[in-house]
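In this note's numbering, the protein residues as written are 662 to 903.
Written out below as structure tokens is the structure these notes cover.
As structure tokens, this is what we get:
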């Protein structure tokens with residue numbers, strides 16, 4: 662297991678269940694290459710990723726070191742912080758999972774590519790233990806806030822990277838992040854080694870997939886040395902199953 666820093670620890674532990682949804686091509690890429698894709702924060706569709714909410718800017722614009730009065734901070738200080746956070750966004754890569762006990766219909770519809778979707782289930786501890794030990798990781802659940810009205814309470818680079826707009830709350834995201842200041846890496850995804858024997862607890866095929874697709878996927882994973890009994894059909898639309 663590589664070194665890792667835990668954030669928002671009151672909301673998870675090593676036994677916390679995690680899910681990742683993808684299309685079958687993404688799954689095949691994962692199991693044939695045994696590498697997990699990390700995406701730069703600057704490439705996420707949410708433009709607020711890693712940036713300061715308005716209320717943080719308002720607070721930081723005032724200096725309360727003298728409790729009898731407040732002083733406006735120089736604009737240059739605020740600009741310096743913005744610039745630093747922009748650099749952090751470009752130099753931080755994330756793999757996103759859903760922190761939930763069971764499957765999620767919304768995630769199947771958004772990320773599962775209908776009948777060609779696959780989800781993998783693991784735990785936070787197993788995921789961290791399966792990642793290439795040559796990196797330092799930051800891991801924990803995302804906290805959701807209203808970026809117009811609320812602030813990130815702990816104003817550190819890491820904390821800004823683990824907050825998100827409340828409109829994404831349904832995703833219940835758990836992320837693992839790595840940083841890299843090499844300019845040649847900026848904007849490009851990172852592929853980091855993943856020991857599938859440690860990471861895979863279950864492989865679930867889309868609720869819209871046919872039985873023949875399930876059997877085909879079992880044959881593929883078996884040919885790659887993965888236990889086919891780990892692969893099963895989604896039970897989310899089946900009464901009485903978990």
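Glycine included, each C-beta is placed from N, C-alpha and C at the ideal position.
Per DSSP, which residues does residue 760 bridge with? Please list them. 679.
Separation of residue 784 from residue 799, as counted between CA atoms: The alpha-carbon separation between residue 799 and residue 784 amounts to approximately 16 Å.
To the nearest angstrom, how far is the alpha carbon of residue 744 from that of residue 669? Each residue's Cα considered, the two are about 25 Å apart.
To the nearest angstrom, how far is it from the Cα of residue 809 to the Cα of residue 712? Rounded to whole angstroms, residue 809 to residue 712 spans 12 Å at the Cα level.
Have a look at residue 885 and residue 692 and give me their C-alpha separation to the nearest angstrom. Taking the CA atoms as reference points, residue 885 sits about 8 Å from residue 692.
Backbone CA spacing between residue 680 and residue 761 [nearest angstrom]: Each residue's alpha carbon lies about 7 Å from the other.
Opening and closing residue of the alpha helix (DSSP H) in which residue 688 lies: For residue 688, the enclosing alpha helix (DSSP H) has its first and last residue at 685-694.
With the cut-off set at 7 Å, would you say residue 698 and residue 852 are in Cβ contact? Yes, these two residues count as a Cβ contact at 7 Å.
For the stretch 812-842, which segments carrying the alpha helix (DSSP H) assignment without a break, of at least 4 residues, lie completely within its bounds, in sequence order? Those alpha helix (DSSP H) runs which fall completely within the stretch 812-842 and span 4+ residues are 818-822.
Report the residue from 694, 805, 888 and 748 whose alpha carbon sits nearest the alpha carbon of residue 843. Out of 694, 805, 888 and 748, 748 has the C-alpha closest to the C-alpha of residue 843.
Compare the Cα-Cα distances from residue 741 to each of 839, 818 and 867 and report the closest residue. Nearest Cα to residue 741 within the set 839, 818 and 867: 818.
For residue 779 and residue 738, what's the separation of their Cα atoms in angstroms? When rounded, the distance between both Cα atoms is 47 Å.
Do the CB positions of residue 753 and residue 789 come within less than 7 Å of each other? Against a cut-off of 7 Å, the Cβ pair of residue 789 and residue 753 comes out as no contact.
Cα separation between residue 666 and residue 873? For residue 666 and residue 873, the gap between their C-alpha atoms comes out near 43 Å.
Return helix, strand or coil for residue 863, following the three-state DSSP convention. Here residue 863 sits in strand by DSSP.
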